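Visitor:
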Amino acid sequence: RLKLMFHIAHSLVSTNRPSELFPDSRVIDAAGNQVIYAYDYDACAYFSRERHEQGWRWYIYYPTPGNSFHDALMKSVDVLIDDIGATGAFMDGFMYGYGSGRTYDRWDGHTVEMDPETHTIKRKVGSVLLLSQPSMVEFVKRMHARGAVVVANNTVMTRTIGELPIIVDQECRSDPSVHLAQTPCALGNPAAIRSEIDVYRDALDKLKWGVLYLYYGEGSLTYPSLPREMYPITVESIHSGTVQGKERIVTMRSGVYGWPDGRELHQAHRFNALGIEVPAEFVSTADASGVRTRVDLDRDESAVLVRLPVLIRTSKPVNLICERYGAEGLTLELNGTGRVELLIRDGDFPVQPGQRFVVNGGATSSATADEAGVLKVVLQLKGTMKLDVSAGSGP
C-alpha cells in the first residue's frame with residue numbers, strides 16, 4: 467500500500483528573525499549565539515539571492531517537553547494528517563542535531579564539561595539529543611495513533627529509540643552505523659550510481675556490511691533487481707553479506723540457509739553479476755528436522771530466500787525446488803520416497819476456507835481448503851515428481 471510521506475527536517479527552521487521564533491527552544495553555543503546549520507549559503511541553492519541578503523539561514527532549534535518547539539512539533543501531527551493528507555513522515559535528522567550536539571541554554575541533568583586538569587565539573591550543558599528524545603518518542607506515538615508511519619533518517623541510536631516501531635535508515639553510506647537499529651537500511655548513494663548496474667553494485671556494497679538497500683533517486687529502472695526482493699522483512703540477525711529475517715534471507719554468500727526448526731518451503735531468487743534475476747535452481751532439503759536450502763553463488767551474485775506459507779511434513783529426506791509461487795499457484799519439483807504432506811496457507815497464492823483447487827501430481831485431482839483456510843495436499847513419492855497446484859473447480 468502506497469504511503470504519502472512528507473519530508474521533514476524538524477531541527478532546521480528557515481528564518482531571518484531567529485530570536486522571535488521559539489525563543490525558549492534555540493540551540494545555543496558556548497558563546498551564547500544560536501547555532502546555524504553549516505551550509506554554503508552564498509551559493510543560493512535553497513534561498514534566493516534576495517532572501518540570502520536579508521539574512522535568511524537555517525537556524526537550529528530543538529524540542530523538549532515544556533518548550534514551545536515541542537508544542538509545535540506535536541501540533542504538526544494534525545497538520546500533516548488532517549491538512550496535508552499525509553500518511554507518513556520521513557524525519558530527516560530524527561535524532562541527529564545537524565552537528566549541534568550541545569546546547570548551553572539549559573542543563574539536561576546529566577551532561578557536563580570536565581576540567582582535564584582538576585577532573586572537576588567545569589560547566590553544565592545540555593545534550594540536544596537527550597533533551598529531544600522524549601519529544602521524538604511522543605511524536606512517533608501520536609503519528610502511530612493516527613495510523614501514520616515514521617521513517618527516521620540519520621538517527622543516533624539509544625535503547626529508547628531502538629524500542630520504537632519505526633523504520634530507521636542512514637543516508638547513502640555503506641558502513642555499520644545502523645547495526646543497532648530496528649531496520650538496518652541505507653539509502654542508495656547517488657554519487658556512486660551512473661548506470662542501472664551501479665544500483666546493484668551499491669546494494670552489494672551495503673550488503674557487505676549487513677545493511678539493506680532503499681531506493682533513492684536512481685532514475686528510471688528497466689528491470690527488477692535485488693532491492694525489490696529485500697522486503698518485507700523483520701530483521702533477526704545481520705552478518706557480513708547476509709541479513710536474515712522472519713520472512714526472508716538476503717545474502718551474497720554461498721552456504722546452507724534456513725530457519726531453525728522451520729518447516730516452511732523456500733522460494734529462491736538469484737541475481738547475476740549485472741543484477742539481473744536468473745533461474746535459481748537451488749535445491750532445498752526437507753526432513754524431520756526442518757527445511758534448508760543450499761545456495762551456490764558466483765562472484766558478485768546474490769540471492770534471496772523467501773519463507774513461504776507452505777509447510778511440509780516428511781519423515782524421510784525430500785529434495786525439492788520451488789519453481790513457482792504466486793497469485794497463479796504453486797509448482798514444485800520433488801525427489802524422494804514415502805508420504806509427504808503439504809499444508810498451504812493464504813499468502814501471495816490466495817487460499818480461503820472452502821475454496822477448491824486443482825492438484826496435478828502425475829494425475830489431476832481436486833482438493834478443498836478446510837475451515838481454517840488450510841489446503842492439505844498428500845503425496846506418495848516414488849522418485850521424482852512435478853506438483854502443480856492452482857485455483858479452480860477441479861474435475
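The sequence shown begins at 467 in our numbering and counts up one residue at a time.
Quick reminder that beta carbons are idealized off the backbone N, C-alpha and C, glycines included.
All of these numbers come straight from a predicted model, not from anything done at the bench.
Name, in chain order, the residues that DSSP records as bridge partners for Gly521.
Guide: Reading the sequence shown from its first residue, position 55 is the one you call residue 521. DSSP, once it has assigned bridges, lists no residue as partnering Gly521.
Visitor: For Leu763 and Ile715, I'd like the C-alpha separation in whole angstroms.
Guide: Along the sequence shown, one-based indexing puts residue 763 at 297. Along the sequence shown, one-based indexing puts residue 715 at 249. Those two C-alpha atoms are separated by around 14 Å.
Visitor: What residue range does the alpha helix (DSSP H) around Gln599 cover?
Guide: Here the question's residue 599 lines up with position 133 in the sequence shown. Here the alpha helix (DSSP H) through Gln599 covers Val594 to Ala611.
Visitor: Please report how far the alpha carbon of Ser643 lies from the alpha carbon of Arg625, in whole angstroms.
Guide: Translated into positions along the sequence shown, residue 643 becomes position 177. Translated into positions along the sequence shown, residue 625 becomes position 159. If I take the Cα positions, the gap works out to 15 Å.
Visitor: Any idea what DSSP makes of Ser768, helix, strand or coil?
Guide: If you number the sequence shown from 1, residue 768 lands on position 302. Note: Ser768 maps to strand in three-state DSSP.
Visitor: On the three-state DSSP scale, how would you describe Val844?
Guide: On the sequence shown, position 378 is the one that residue 844 refers to. Three-state result, Val844: strand.
Visitor: Give the single residue among Leu596, Cys638 and Gly613 whose Cα lies nearest to the Cα of Val622.
Guide: Here residue 622 refers to the residue found at position 156 of the sequence shown. Closest by alpha carbon: Leu596.
Visitor: Please report how far the alpha carbon of Arg568 lies from the alpha carbon of Val634, in whole angstroms.
Guide: For this step, residue 568 is matched to residue 102 along the sequence shown. For this step, residue 634 is matched to residue 168 along the sequence shown. Approximately 23 Å between the Cα atoms of the pair.
Visitor: Is DSSP giving Asn687 helix, strand or coil here?
Guide: Against the sequence shown, residue 687 aligns to sequence position 221. A small fix is needed here, since residue 687 is Leu in this sequence, not Asn. Coil at Leu687, not helix or strand.
Visitor: In or out: Val844 buried (at least 16 other Cβ within 10 Å) or exposed?
Guide: Residue 844 sits at position 378 when you count from the first residue of the sequence shown. Val844 should be labelled exposed.
Visitor: Can you tell me where the beta strand (DSSP E) with Val665 in it begins and where it stops?
Guide: For the purposes of this step, residue 665 is taken as the residue at position 199 of the sequence shown. Taken as a continuous stretch (DSSP letters only), Val665 belongs to no beta strand (DSSP E), being part of the alpha helix (DSSP H) at Glu662 to Leu673.
Visitor: Residue range of the alpha helix (DSSP H) that His536 falls in?
Guide: The count along the sequence shown starts at 1 and reaches residue 536 at position 70. Looking at the DSSP string, the run of the alpha helix (DSSP H) that includes His536 is Ser534 to Asp544.
Visitor: Roughly how many angstroms lie between the CA atoms of Ser750 and Leu630, to the nearest whole one?
Guide: As a first step, residue 750 must be located in the sequence shown, where it is residue number 284. As a first step, residue 630 must be located in the sequence shown, where it is residue number 164. Between Ser750 and Leu630, the C-alpha separation is close to 36 Å.
Visitor: Please report the distance separating the alpha-carbon of Leu670 from that of Asp766.
Guide: One-based indexing of the sequence shown puts residue 670 at position 204. One-based indexing of the sequence shown puts residue 766 at position 300. Near 8 Å, if we compare the C-alpha coordinates of Asp766 and Leu670.
Visitor: Which whole-angstrom value is the C-beta distance of Ile409 and Tyr570, which I expect to be below 8 Å?
Guide: Past the edges of the chain, shown from 467 to 861, lies residue 409, and the structure says nothing about it.
Visitor: Expressed to the nearest angstrom, what Euclidean distance is found between the alpha-carbon atoms of Ser863 and Lys842?
Guide: A query on residue 863 cannot be resolved here, the shown segment of the chain reaching from 467 to 861 and no further.
Visitor: Would you check if there are 3 or more beta carbon pairs closer than 8 Å linking the region 503 to 514 to the region 590 to 605?
Guide: Contact between the region 503 to 514 and the region 590 to 605 is absent, because fewer than three Cβ pairs lie under 8 Å.
Visitor: Whole angstroms are fine: how far does the CA of Ser598 sit from the CA of Lys712?
Guide: Along the sequence shown, one-based indexing puts residue 712 at 246. Along the sequence shown, one-based indexing puts residue 598 at 132. If you take the alpha carbons of Lys712 and Ser598, they lie about 32 Å apart.
Visitor: Closest by CA to Ala504, which one among Asn482, Ser686, Gly565 and Val543?
Guide: Taking the first residue of the sequence shown as position 1, residue 504 is located at position 38. Of the candidates Asn482, Ser686, Gly565 and Val543, the one whose C-alpha sits nearest the C-alpha of Ala504 is Gly565.
Visitor: For Ala752 versus Arg736, is the C-beta distance shorter than 9 Å?
Guide: As a working mapping, residue 752 is identified with position 286 in the sequence shown. As a working mapping, residue 736 is identified with position 270 in the sequence shown. Taking 9 Å as the Cβ cut-off, Ala752 and Arg736 do not qualify as a contacting pair.
Visitor: Which residues share a DSSP beta bridge with Gln710?
Guide: Stepping through the sequence shown from its first residue, residue 710 is reached at position 244. In the DSSP output, where bridge partners are listed per residue, Gln710 has Ser703 and Ile715.
Visitor: Around the Cβ of Ile627, are there at least 16 other Cβ atoms within 10 angstroms (buried) or fewer (exposed)?
Guide: Stepping through the sequence shown from its first residue, residue 627 is reached at position 161. So Ile627 ends up on the buried side.
Visitor: For the region 544 to 551 against the region 582 to 590, are there 3 or more C-beta pairs whose distance is under 8 Å?
Guide: The region 544 to 551 vs the region 582 to 590: no contact.
Visitor: Keeping to the same chain, check which residues put their C-beta closer than 6 Å to that of Ser703; ignore five residues upstream and five downstream.
Guide: Taking the sequence shown and counting its residues from 1, one reaches residue 703 at position 237. Closer than 6 Å at Cβ, skipping near neighbours: Gln710.
Visitor: Taking its Cβ as the centre, do 16 or more other Cβ atoms sit within 10 Å of Pro861, making it buried, or is it exposed?
Guide: Locating residue 861 in the sequence shown gives position 395, counting from the first residue. Because the pLDDT of Pro861 is 44, which lies under 50, any placement of that residue in the model is unreliable, and the number read from its coordinates should be weighed accordingly. Exposed, since its Cβ has fewer than 16 Cβ neighbours within 10 Å.
Visitor: Are three or more beta carbon pairs between the region 824 to 840 and the region 779 to 793 nearer than 8 Å?
Guide: These segments do not touch.
Visitor: Could you tell me the distance, in whole angstroms, from the CA atom of Asp911 to the CA atom of Gly575?
Guide: Past the edges of the chain, shown from 467 to 861, lies residue 911, and the structure says nothing about it.
Visitor: Please state if the CB of Ala793 and the CB of Pro816 are separated by a distance shorter than 9 Å.
Guide: If you number the sequence shown from 1, residue 816 lands on position 350. If you number the sequence shown from 1, residue 793 lands on position 327. Their beta carbons are under 9 Å apart, which means Pro816 touches Ala793 by this criterion.
Visitor: Helix or strand or just coil, what does DSSP make of Pro861?
Guide: As a position in the sequence shown, residue 861 is number 395, starting the count at 1. Only weak support exists for where Pro861 lies, its pLDDT of 44 falling under 50; the coordinates are left without a value.
Visitor: Does DSSP put Ala475 in a helix, in a strand, or in coil?
Guide: Sequence index remark: in the sequence shown, residue 475 carries index 9 (1-based). In the structure shown, Ala475 sits in coil (DSSP, three-state: anything other than H, G, I, E or B).
Visitor: Among all the DSSP beta bridges, which residues are the ones paired with Ser480?
Guide: Locating residue 480 in the sequence shown gives position 14, counting from the first residue. Ser480 pairs with Trp524.
Visitor: Between which two residues does the beta strand (DSSP E) containing Arg639 stretch?
Guide: Residue 639 sits at position 173 when you count from the first residue of the sequence shown. Careful: Arg639 lies outside any beta strand (DSSP E) and carries neither H nor E.
Visitor: Helix, strand or coil for Thr626 per DSSP?
Guide: Translated into the one-based positions of the sequence shown, residue 626 becomes position 160. In this structure, Thr626 counts as helix in the three-state DSSP scheme.
Visitor: Could you please give me the residues that DSSP links to Gln733 through a beta bridge?
Guide: Here the question's residue 733 lines up with position 267 in the sequence shown. Answer is Val772.
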